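S.K.: Those letters in the sequence shown? Residues 243 to 313, per this note's numbering, in order.
C-beta: ideal position from N, C-alpha, C; glycine also.
Because the structure is a prediction, the values reported are computed rather than measured.
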Amino acid sequence: MKICVLGVAGATMGLITLAMLIAGAYFYLAPGLPSVEDIREVPLEIPLQANTRDGRMIGEVGERFRTPVDL
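1) By how many angstroms is the C-alpha of proline 273 removed from the C-alpha of glutamate 201?
2) With DSSP as the reference, label isoleucine 288 as helix, strand or coil.
3) Can glycine 304 and alanine 292 be called in contact, C-beta distance under 8 Å?
4) Could you give the DSSP three-state label for glutamate 279: helix, strand or coil?
5) Report all residues from its chain with a CB closer than 6 Å to the CB of leucine 313; omit the five preceding and five following residues, and keep chain order.
6) Can you pull the DSSP bridge partners for methionine 262?
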């Protein structure tokens, strides 16, 4: 019976320690994290297009073209 009580007490202390470590990590990292609005408003990279005066495209400079995808 004494071993069972020690096991429960040890498990409880372990869970409390784990919760304190997680809370400490959160409060340490939280000030440096960007807000949700900043993450959602990421400017998409598109190639630079060179157009003539009448609107015809004569060239593109850049390699990446990104389009948003809904999840």
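M.R.: Inspection of the coordinates gives the following:
1) What is shown of the chain runs 243 to 313, which leaves residue 201 out entirely.
2) Taking the first residue of the sequence shown as position 1, residue 288 is located at position 46. If DSSP states are grouped into helix, strand and coil, isoleucine 288 belongs with coil.
3) Reading the sequence shown from its first residue, position 62 is the one you call residue 304. Reading the sequence shown from its first residue, position 50 is the one you call residue 292. Contact: no.
4) On the sequence shown, position 37 is the one that residue 279 refers to. If DSSP states are grouped into helix, strand and coil, glutamate 279 belongs with the helices.
5) Taking the first residue of the sequence shown as position 1, residue 313 is located at position 71. So the list is empty, once near-sequence residues are dropped.
6) On the sequence shown, position 20 is the one that residue 262 refers to. None, per the DSSP bridge assignment.
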